[in-house]
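J.:
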Amino acid sequence: RAAPSPNSASAIKRRFRTEPTAGKPLYKLSKIKIFMERIQKIIANAGLMSRRKAEGIIMDGRVLVNSRKAVLGDKADSETDKIEVNGKRIVPEKKVYIIFNKPKSVICSMERLKEGKSISDYFKLKERVYPAGRLDYDSEGLVFLTNDGAITELITHPRYETEKEYIIEIDKSISEKDIEQLRHGVMLEDGMSWPAKVEILDSRMRLDITMHEGRKAQIKRMFTALGYKVLSLARIRIGSILMEHMLPGKYRELSFEEISGLKKILKENYEKSVRNREQRISLQKRIRPNPVKYVRRDIIGIRKIEPWKPKAEKPKFRNDFERFRGERAEKRKEKHQPEKSSRLI
């Protein structure tokens, strides 16, 4: 059997499962590529074939990554890794990074709609892009669109803590108590929200909120839970990307400097999330001295099937006190049981 690839999804998961020791990091961040995607997705995005067919040729051994035979589940960076299909190097899809000022009453989807408008009505691009995160139908502001799946995950997944900043207007002045509640978290139907950064603007009815979560209609539900109604909501920032001097319905591509700045912040967030995970595992190890050990099934072999054994009978009484009470109850039952009549009817 071929040795597993060091960049496969299972190999990366095993790195997280490594039990850390005092003063020893979980793994070296410099050896892990952050902006990676599955190989079948890279091949499909290059326009060679569907993702399902790409999985088939990977299993047949016809795909090489950096002159090494790829296996299903491997990940690669299309910009830095050399990927060959049937001996020919593929030309990766051009990465596109766009920001769009979404107007109100527009659905945040790239699907064409029979009724109403979606953000796809504002674009005429050769590349297939999709929004990194959602923005509600009646909300407006910054939408980030790309065909880079790794960037999308780093922006949208809450564990990477990529900040999104909003300007909102509510129906009445907010109290200091409710502001502190927002800063500590609000209980919603789907769980407690993460703490938010809140700043008061020109009045207590107009606020600046910064969050790194993106649940459906989360900000509106948070204010509804506190007794307020959100009248308007506009997103103005994602990570280091600011929406400035853009009219509603307009879009533009990011500059090289903007993309580099965004990737730098996303990399810092990624490394921070890994360190936090390492600290949690270390804490669990201190609390639980004998942690669960993970083993690879392909090394120790197939799990043995044990012959069936009947379960051991549970003892009738767990201790002497229960035995005393049980025996006394049985004697009492026998004492009060009526004698059977021997008279024939």
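To convert, note that position 315 of the sequence shown is 296 in the working numbering; the numbers rise steadily by one, no gaps. Backbone N, C-alpha and C define an ideal beta-carbon position, used for all residues, glycine too. If you're wondering where the values come from, they're calculated on a predicted model, not measured in any experiment.
What are the residues that DSSP puts in a beta bridge with residue 218?
T.: In the DSSP output, where bridge partners are listed per residue, residue 218 has 146 and 223.
J.: Going by the CB atoms, is the gap between residue 207 and residue 152 shorter than 7 Å?
T.: no
J.: Do residue 32 and residue 25 have their CB atoms nearer than 7 Å?
T.: yes
J.: Work out the CA separation of residue 172 and residue 258 for me, nearest whole Å.
T.: One C-alpha to the other measures close to 21 Å.
J.: Would you kindly report the start and end of the unbroken beta strand (DSSP E) that includes residue 187?
T.: 187 to 192
J.: Just verifying my parser: in three-state terms, what is the DSSP assignment at residue 167?
T.: coil
J.: Measuring straight from C-alpha to C-alpha, what distance separates residue 332 and residue 79?
T.: In the structure as shown, the chain begins at -18 and stops at 326. Residue 332 is therefore absent and cannot be evaluated.
J.: What residue range is occupied by the uninterrupted beta strand (DSSP E) comprising residue 122?
T.: It spans 121 to 127 - the beta strand (DSSP E) in which residue 122 sits, taken as one unbroken run.
J.: Provide the residue span of the beta strand (DSSP E) that contains residue 107, from first to last.
T.: Neither: residue 107 is in no beta strand (DSSP E) and is coded neither H nor E.
J.: Determine the DSSP secondary structure at residue 136, reduced to helix, strand or coil.
T.: helix
J.: Between which two residues does the beta strand (DSSP E) harbouring residue 81 extend?
T.: Counted as a single uninterrupted DSSP element, the beta strand (DSSP E) harbouring residue 81 occupies residues 78 to 83.
J.: If residue 196 sits next to residue 177, beta carbons under 8 Å apart, how far is it from one beta carbon to the other, in whole angstroms?
T.: About 12 Å separates the two Cβ atoms, so there is no contact after all.
J.: Using a Cβ distance threshold of 8 Å, determine whether the region 130 to 138 contacts the region 86 to 101, with at least three qualifying pairs required.
T.: In the pairwise beta carbon analysis, the region 130 to 138 is classified as not touching the region 86 to 101: fewer than three pairs are separated by under 8 Å.
J.: Pop quiz: residue 150 and residue 186 are said to be a contact at Cβ under 8 Å. What is the actual Cβ separation, rounded to whole angstroms?
T.: The Cβ separation is near 6 Å, so the contact holds.
J.: Pairs of beta-carbons, one from the region 42 to 49 and one from the region 211 to 220, closer than 8 Å: are there three or more?
T.: no
J.: Measure the C-alpha to C-alpha separation of residue 273 and residue 263 and round it to an integer number of angstroms.
T.: Reliability fails at residue 273, whose pLDDT of 49 lies under 50, so the model's placement of it is uncertain and no value is given.
J.: If I'm right that residue 230 touches residue 141 with Cβ under 8 Å, what's the distance once you round it to whole angstroms?
T.: Actually they do not touch by this definition, with Cβ atoms about 30 Å apart.
J.: Can you tell me whether residue 59 is buried or exposed, with buried defined as 16 or more other CB within 10 angstroms of its CB?
T.: buried
J.: Where do the ends of the alpha helix (DSSP H) carrying residue 36 lie?
T.: For residue 36, the uninterrupted alpha helix (DSSP H) run begins and ends at 32 to 40, by DSSP.
J.: Answer yes or no: do residue 101 and residue 93 have a C-beta to C-beta separation smaller than 7 Å?
T.: Between residue 101 and residue 93, the gap from beta carbon to beta carbon is short of 7 Å.
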